[in-house]
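Chains as they are written, first to last, in UniProt numbering: chain W, 1 to 103; chain L, 1 to 692.
Backbone N, C-alpha and C define an ideal beta-carbon position, used for all residues, glycine too.
Every value quoted in this text rests on a predicted model; they were computed, and no experiment measured them.
Okay, so here's the structure we're looking at.
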Amino acid sequence: MSSIAEVEETLARIQSHKGVKGVLICTKSGSAVRSSLPPAETETYAALITQLALKAASVARTLDPTDDLTFLRIRSRKHEVMVAPDKEYLLVVVQNPDEGEDA
Amino acid sequence: MSLAMSQGRGYYDPPSSKDEAKSSDGQTLEETKGEAFDLTDENDPPSENTPSTPSKIKQSDGMFTDFEADQVVLGESGRNTFTGVLTEDTGTDTCNFLDEEDAGVQVVMRSDQGTQVEITQTEEVVQIKRHTRSSKRSEEEGKGGEEEGKGADEEGKGGEDEYDDDDYDADDNGGDEETNAKLLTFLRAVTPSVLSELSSNLESQAFSGYTIAQASSSHSASHLHSLTIPRSAVVVESNLNASTDNGFGIGRQSSREVKAETDDKSPLSVTSVAWNSTGAMVVASYGVPDKRGWCESGGVVACWNLSGRDFKPDKPSFLLEHSSYVTCVCSHPEMPAVFAAGSFNGEIMCFDVSLEEPLTMCSKIDDYFHREPISKLEWTWSATEKAYQLCSASLDGKVLFWSFSNKFKCPLRGFSLSTSLSPNSPIAGASTLALLSPSPTTPPTSIICGSECGGVVKLSSRDPAPQKPQKSRSAEMKWSTSALQALHRVPSQHRDDAIRKIEKRAKSDKRRGVDLAAVYSGKLSQELLFPSTVTFVYAPHVGGCNEVKVHTLTKRVFMTGGSDGKVRVYHVLKREPVMEIEVGEGATGVEWGGDEKPYMVLVAKDVGGVEVFDLKDEGGVSKCSCKGMWEGKESAGRMVGGVKVNGKVRGMIAGGERGGVVQIWKIEGGSGSGGDDGEEVEKWFLGRIEGD
Numbered sequence: 001m002s003s004i005a006e007v008e009e010t011l012a013r014i015q016s017h018k019g020v021k022g023v024l025i026c027t028k029s030g031s032a033v034r035s036s037l038p039p040a041e042t043e044t045y046a047a048l049i050t051q052l053a054l055k056a057a058s059v060a061r062t063l064d065p066t067d068d069l070t071f072l073r074i075r076s077r078k079h080e081v082m083v084a085p086d087k088e089y090l091l092v093v094v095q096n097p098d099e100g101e102d103a
Numbered sequence: 001m002s003l004a005m006s007q008g009r010g011y012y013d014p015p016s017s018k019d020e021a022k023s024s025d026g027q028t029l030e031e032t033k034g035e036a037f038d039l040t041d042e043n044d045p046p047s048e049n050t051p052s053t054p055s056k057i058k059q060s061d062g063m064f065t066d067f068e069a070d071q072v073v074l075g076e077s078g079r080n081t082f083t084g085v086l087t088e089d090t091g092t093d094t095c096n097f098l099d100e101e102d103a104g105v106q107v108v109m110r111s112d113q114g115t116q117v118e119i120t121q122t123e124e125v126v127q128i129k130r131h132t133r134s135s136k137r138s139e140e141e142g143k144g145g146e147e148e149g150k151g152a153d154e155e156g157k158g159g160e161d162e163y164d165d166d167d168y169d170a171d172d173n174g175g176d177e178e179t180n181a182k183l184l185t186f187l188r189a190v191t192p193s194v195l196s197e198l199s200s201n202l203e204s205q206a207f208s209g210y211t212i213a214q215a216s217s218s219h220s221a222s223h224l225h226s227l228t229i230p231r232s233a234v235v236v237e238s239n240l241n242a243s244t245d246n247g248f249g250i251g252r253q254s255s256r257e258v259k260a261e262t263d264d265k266s267p268l269s270v271t272s273v274a275w276n277s278t279g280a281m282v283v284a285s286y287g288v289p290d291k292r293g294w295c296e297s298g299g300v301v302a303c304w305n306l307s308g309r310d311f312k313p314d315k316p317s318f319l320l321e322h323s324s325y326v327t328c329v330c331s332h333p334e335m336p337a338v339f340a341a342g343s344f345n346g347e348i349m350c351f352d353v354s355l356e357e358p359l360t361m362c363s364k365i366d367d368y369f370h371r372e373p374i375s376k377l378e379w380t381w382s383a384t385e386k387a388y389q390l391c392s393a394s395l396d397g398k399v400l401f402w403s404f405s406n407k408f409k410c411p412l413r414g415f416s417l418s419t420s421l422s423p424n425s426p427i428a429g430a431s432t433l434a435l436l437s438p439s440p441t442t443p444p445t446s447i448i449c450g451s452e453c454g455g456v457v458k459l460s461s462r463d464p465a466p467q468k469p470q471k472s473r474s475a476e477m478k479w480s481t482s483a484l485q486a487l488h489r490v491p492s493q494h495r496d497d498a499i500r501k502i503e504k505r506a507k508s509d510k511r512r513g514v515d516l517a518a519v520y521s522g523k524l525s526q527e528l529l530f531p532s533t534v535t536f537v538y539a540p541h542v543g544g545c546n547e548v549k550v551h552t553l554t555k556r557v558f559m560t561g562g563s564d565g566k567v568r569v570y571h572v573l574k575r576e577p578v579m580e581i582e583v584g585e586g587a588t589g590v591e592w593g594g595d596e597k598p599y600m601v602l603v604a605k606d607v608g609g610v611e612v613f614d615l616k617d618e619g620g621v622s623k624c625s626c627k628g629m630w631e632g633k634e635s636a637g638r639m640v641g642g643v644k645v646n647g648k649v650r651g652m653i654a655g656g657e658r659g660g661v662v663q664i665w666k667i668e669g670g671s672g673s674g675g676d677d678g679e680e681v682e683k684w685f686l687g688r689i690e691g692d
């Protein structure tokens with residue numbers, strides 16, 4: 001399988017998960033690489049989440065220099081935003097956790 | 001391998017050396033056992049736990065009663081959920097345990113070398129949920145005892161191996177692009193954990209029944225400032241014969257009527273308030289609100305720059321005087337220093353406080369302009385002029401449009417409120433108006449007007465005149481474009497007659513051509529120049545209609561506040577209101593809560609204070625009231641100046657009191673019924689009428 005197809009396939013797999021509102025991959029500088037969200041939302045999410053994730057990573061590293069942030073979850077009234085960071089990219093998944101309860 | 005545990009509130013100090021790590025691990029375990037876990041089966045003293053790894057194994061040996069692919073049941077006790085990090089390597093990783101009961105916004109971090117462990121403690125069972133990097137785990141590592149430790153150890157390393165064996169193909173056949181390859185590596189690494197989080201999230205009960213304090217429907221208002229104008233300024237203002245002995249005597253000598261209507265301390269009352277476009281400045285107009293007859297003394301417009309360094313509540317940043325009472329102000333939607341004011345005598349003024357001479361424009365008093373107090377001003381965008389125009393309503397029953405281009409020399413066009421549509425509907429002076437424009441940068445299609453007798457009507461504000469009018473055949477003189485447009489608004493059967501009249505007058509005035517001013521001096525009948533365009537009459541208030549406000553999100557819903565103590569919400573197409581709130585006392589001003597709170601309504605009351613309502617949540621019950629403060633006590637000033645929400649600073653509101661005090665409050669909280677767009681709001685309000 002080509003890598004591009006596999007990337008798409010993996011994203012589609014996450015997107016098809018119950019309650020998932022959107023998936024996006026962005027670089028550490030805050031520009032979106034892939035997204036299933038509308039353009040305006042993508043831009044906001046990419047810009048804001050990147051900032052928060054970098055801050056969280058710096059918190060984790062300041063607390064313990066040998067540690068690193070690997071996952072970040074933000075629970076809000078409407079959504080749960082999950083962020084999986086890496087050296088270069090961030091995977092952001094926006095989920096509506098209540099959808100599972102209703103179903 | 002070690003399992004480090006500590007209570008969420010506790011602080012676990014990462015040890016610097018391995019030896020310390022072991023001992024502190026032991027201590028932490030001991031603490032945990034004692035306080036939170038209360039494990040019954042193992043009660044090893046810390047000394048026995050000194051070698052970290054064996055102690056852990058020993059612990060788990062006893063505690064792990066069930067072991068499945070992703071779950072480890074530890075033991076039984078309590079009812080708390082803890083998440084933490086299980087580390088395989090040095091044992092120096094910390095972990096934080098979140099107590100389910102005080103979990104706020106849950107942020108779970110995971111160490112990149114460790115596995116995330118979720119420990120759920122239910123009644124007598126302590127569960128450890130382990131999330132590793134592999135999505136599928138075919139092999140069972142946990143065989144109990146020492147091998148559990150090793151298994152977990154290997155799992156970290158083995159996890160990566162597993163990817164190769166998994167569905168994923170390690171060889172990138174078509175992946176030539178570096179980015180794609182990078183993306184793929186990244187995705188492979190993070191996908192399993194994200195998927196497992198997604199699933200566990202749906203099952204999680206951690207937030208069920210958890211209500212955020214902020215989203216509760218309780219509002220609270222805190223009083224911030226009481227803004228006043230210096231009394232000396234008021235005395236100067238009254239200028240006529242202001243020789244007084246105590247500085248408060250304006251009412252006594254200069255005007256008996258003023259004294260009769262107001263108390264000695266504050267001769268002028270706030271007639272309206274406005275926030276400027278940046279939300280930093282409050283503008284208030286001062287006058288006497290329900291005065292009849294002649295205006296014998298002056299009024300003021302005062303501005304306070306709330307964010308200014310030299311802000312003083314009793315010293316306005318700008319104090320602008322006028323020869324008659326100022327009845328209303330309206331700040332420019334874009335320029336922060338510009339605002340318009342209307343006077344008791346019917347003048348329209350425009351101020352720019354950034355200039356040395358702030359009064360930039362002032363209209364004249366004329367039969368064809370306003371002859372009665374201006375009751376309301378609104379800015380409106382003109383597509384033809386590509387600039388903002390001013391729309392004014394006056395108690396003489398006219399609504400006029402003014403332009404900067406002719407320096408308010410004469411109104412561009414106008415409408416009259418008198419109508420034959422509904423002989424029973426009480427129409428007289430326009431006490432308020434609101435413009436219905438589809439968007440802020442389109443000219444209004446209609447105007448909603450409230451009258452002093454309680455009538456609520458809709459006027460069409462469509463301009464019948466073409467943008468480039470043809471020269472009229474019967475005209476002899478040269479007509480300016482605006483004059484021709486004005487002529488086109490005259491009904492065609494009267495047009496020739498009008499041309500004759502205007503040109504005759506222009507000739508006798510020795511004018512060279514006919515401009516807009518000449519049209520007005522032609523002394524046509526008012527009905528011809530200011531047609532009545534009332535298209536719809538709404539169910540009237542019993543008392544005067546004090547304010548009309550169009551909803552900020554949808555232009556099809558508007559609200560009126562009346563002296564009869566009722567606040568009504570109308571849909572533009574329905575005669576009867578869709579909602580009605582009894583305020584009890586006269587509502588002198590109404591205001592929508594803004595885009596974030598589409599169902600919040602603020603009502604300024606004649607008896608004083610501002611009430612906040614949430615229409616969606618028990619519509620008629622006041623959520624909170626804002627009481628004015630004056631000299632450390634609750635003031636009982638009548639809220640005649642209305643109420644305005646600051647468009648830029650969330651929750652900031654201003655209200656004007658009869659005593660001359662401008663009160664500033666901050667409203668916190670509010671219901672979570674936000675997030676609706678205009679259509680949803682409209683639908684909800686329409687649903688109210690069908691439900692009844």
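Tell whether a beta-carbon distance below 9 Å holds between A465(L) and A518(L). Position 465 of the second sequence holds residue 465(L). Position 518 of the second sequence holds residue 518(L). No.
With distances taken between CB atoms, is the gap from C449(L) to V590(L) smaller than 9 Å? Here residue 449(L) is taken as the residue at index 449 of the second sequence, counted from 1. Here residue 590(L) is taken as the residue at index 590 of the second sequence, counted from 1. Not a contact, by the Cβ cut-off of 9 Å.
Pull up the distance between the alpha-carbon of T432(L) and that of T360(L), whole angstroms please. Within the second sequence, numbered from 1, the residue matching residue 432(L) stands at position 432. Within the second sequence, numbered from 1, the residue matching residue 360(L) stands at position 360. Each residue's Cα considered, the two are about 25 Å apart.
Would you kindly check if the distance between the Cβ of E88(W) and the Cβ of T27(W) is under 9 Å? Numbered from 1 along the first sequence, position 27 holds the residue referred to as residue 27(W). Numbered from 1 along the first sequence, position 88 holds the residue referred to as residue 88(W). Taking 9 Å as the Cβ cut-off, T27(W) and E88(W) qualify as a contacting pair.
Is it true that the region 325–340 of chain L meets the region 276–283 of chain L, where meeting means three or more beta-carbon pairs spaced less than 8 Å apart? yes
Mind pulling the chain W residues with CB within less than 7 Å of S193(L)? In the second sequence, counting from the first residue as 1, residue 193(L) sits at position 193. The answer, in chain order, is F71 and A84.
Taking Cβ-Cβ distances shorter than 8 Å, what residues in chain W pair up with F344(L)? Against the second sequence, residue 344(L) aligns to sequence position 344. Result: empty, since nearest Cβ-Cβ is about 48 Å, beyond 8 Å.
Can you tell me whether A604(L) is helix, strand or coil according to DSSP? Position 604 of the second sequence holds residue 604(L). A604(L): strand per DSSP, three-state reduction.
C-alpha distance - Q663(L) paired with V649(L), whole-angstrom precision: Residue numbering aside, residue 663(L) sits at position 663 when the second sequence is read from its first letter. Residue numbering aside, residue 649(L) sits at position 649 when the second sequence is read from its first letter. So the two alpha carbons sit approximately 16 Å from each other.
Is it buried or exposed for residue 777(L), if we count other Cβ within 10 angstroms and need 16 for buried? Nothing can be reported for residue 777(L), as the shown portion of chain L is limited to 1 through 692.
Along chain W, in chain order, which residues have C-beta atoms closer than 7 Å to that of V190(L)? Translated into the one-based positions of the second sequence, residue 190(L) becomes position 190. Those are A84, D86 and L91, listed as they occur along chain W.
Straight-line Cα distance separating S58(W) from V23(W): Here residue 23(W) corresponds to residue number 23 of the first sequence, with the count starting at 1. Here residue 58(W) corresponds to residue number 58 of the first sequence, with the count starting at 1. One C-alpha to the other measures close to 24 Å.
Under 9 Å, Cβ to Cβ, is there at least one residue of chain W near R110(L)? Indexing the second sequence from 1 puts residue 110(L) at position 110. Confidence at R110(L) is low in this model, with a pLDDT of 47, below 50, so its placement is unreliable and the value that follows should be read with caution. Yes, R110(L) counts as interfacial toward chain W.
CB of G561(L) within 9 Å of CB of T271(L), strictly: As a first step, residue 561(L) must be located in the second sequence, where it is residue number 561. As a first step, residue 271(L) must be located in the second sequence, where it is residue number 271. Not a contact, by the Cβ cut-off of 9 Å.
Where A181(L) sits in the DSSP three-state scheme: As a first step, residue 181(L) is located in the second sequence; it is residue number 181 there, counting from the start. Looking at A181(L) - three-state DSSP - the assignment turns out to be helix.
Please determine, among G594(L), F318(L) and K468(L), the residue with the shortest C-alpha to C-alpha distance to W304(L). Here residue 304(L) corresponds to residue number 304 of the second sequence, with the count starting at 1. Checked all of G594(L), F318(L) and K468(L); the closest Cα to W304(L) is F318(L).
Check the DSSP bridge columns for R568(L) and list the partner residues they point to. Numbered from its first residue, the second sequence carries residue 568(L) at position 568. Answer is T560(L) and E580(L), bridged to R568(L).
Starting from P39(W), trace the alpha helix (DSSP H) both ways and give me its first and last residue. Taking the first residue of the first sequence as 1, we reach residue 39(W) at position 39. Counting along the chain, the alpha helix (DSSP H) containing P39(W) begins and ends at P39 to L63.
At the 9 Å Cβ level, is S439(L) part of the contact set with chain W, yes or no? Numbered from its first residue, the second sequence carries residue 439(L) at position 439. Not closer than 9 Å to any Cβ of chain W, the Cβ of S439(L) fails to qualify, so no.
Going along chain W in order, which residues have a C-beta closer than 7 Å to the C-beta of K182(L)? The count along the second sequence starts at 1 and reaches residue 182(L) at position 182. What K182(L) touches in chain W: E88.
Would D314(L) be called buried (16 or more neighbouring beta carbons within 10 Å of its own) or exposed? The count along the second sequence starts at 1 and reaches residue 314(L) at position 314. By the neighbour-count rule (16 or more Cβ atoms within 10 Å), D314(L) is not buried but exposed.
Quick one: list the residues of chain W neighbouring N201(L), beta-carbon separation under 7 Å, in chain order. Taking the first residue of the second sequence as position 1, residue 201(L) is located at position 201. Neighbours of N201(L) on chain W, chain order: E80, Q95 and P97.
Less than 8 Å between C-beta atoms, sequence neighbours within five positions excluded: which residues of the same chain meet that for Q15(W)? Locating residue 15(W) in the first sequence gives position 15, counting from the first residue. Once the five neighbours on either side are set aside, the close Cβ partners of Q15(W) are G22, V23 and S36.
Neighbour list for K18(W) in chain L, Cβ cutoff strictly below 7 Å: Working through the first sequence from its first residue, we reach residue 18(W) at position 18. Within chain L, the residues near K18(W) are L202.
Give me the residue from H571(L), D606(L), G647(L) and K616(L) with the minimum Cα distance to E585(L). Taking the second sequence and counting its residues from 1, one reaches residue 585(L) at position 585. Nearest C-alpha to E585(L): D606(L).
The region 429–446 of chain L / the region 406–413 of chain L touching (three or more Cβ pairs under 8 Å): no
For A341(L) and L532(L), the rounded distance between their alpha carbons: Residue mapping note: residue 532(L) aligns to position 532 of the second sequence, counting from 1. Residue mapping note: residue 341(L) aligns to position 341 of the second sequence, counting from 1. The amino acid occupying residue 532(L) in the given sequence is Ser; Leu does not appear at that position. For S532(L) and A341(L), the distance between alpha carbons rounds to 25 Å.
If we ignore side chains and look at the alpha-carbon of each, how far apart do F415(L) and L400(L) end up? Within the second sequence, residue 415(L) is the residue found at index 415, counting from 1. Within the second sequence, residue 400(L) is the residue found at index 400, counting from 1. Spanning the two alpha carbons is a distance of roughly 6 Å.
What's the gap between the Cα of L268(L) and the Cα of G651(L)? The residue labelled residue 268(L) in the question sits at position 268 within the second sequence. The residue labelled residue 651(L) in the question sits at position 651 within the second sequence. Taking the straight line joining both Cα atoms gives about 28 Å.
Simplified DSSP assignment, three categories, for N201(L): By 1-based counting over the second sequence, the position of residue 201(L) is 201. Three-state result, N201(L): helix.
Quick check on E6(W): buried or exposed, where buried means 16 or more other Cβ atoms within 10 Å of its Cβ? Start at 1 with the first residue of the first sequence, and residue 6(W) comes out as number 6. With 16 or more Cβ atoms within 10 Å of its Cβ, E6(W) is classed as buried.
Alpha carbons only, please: which of S474(L), A506(L) and V537(L) is nearest the one belonging to G522(L)? Position 522 of the second sequence, counted from the first residue, corresponds to residue 522(L). Ranking the options by Cα distance to G522(L), first place goes to A506(L).
Does DSSP classify K87(W) as helix, strand or coil? Here residue 87(W) corresponds to residue number 87 of the first sequence, with the count starting at 1. Three-state DSSP puts K87(W) in coil, outside helix and strand.
Just the Cα atoms here: how many angstroms apart are L487(L) and F339(L)? Within the second sequence, the letter at position 487 stands for residue 487(L). Within the second sequence, the letter at position 339 stands for residue 339(L). About 31 Å.
In chain W, which residues lie with their C-beta within 9 Å of the C-beta of E197(L)? Position 197 of the second sequence, counting from 1, holds the residue named residue 197(L). Ordered by position in chain W, the residues that pass the 9 Å Cβ test against E197(L) are F71, R73, E80, M82, A84, V93 and Q95.
What are the start and end residues of the alpha helix (DSSP H) that includes L529(L)? Residue 529(L) sits at position 529 when you count from the first residue of the second sequence. Looking at the DSSP string, the run of the alpha helix (DSSP H) that includes L529(L) is Q526 to L529.
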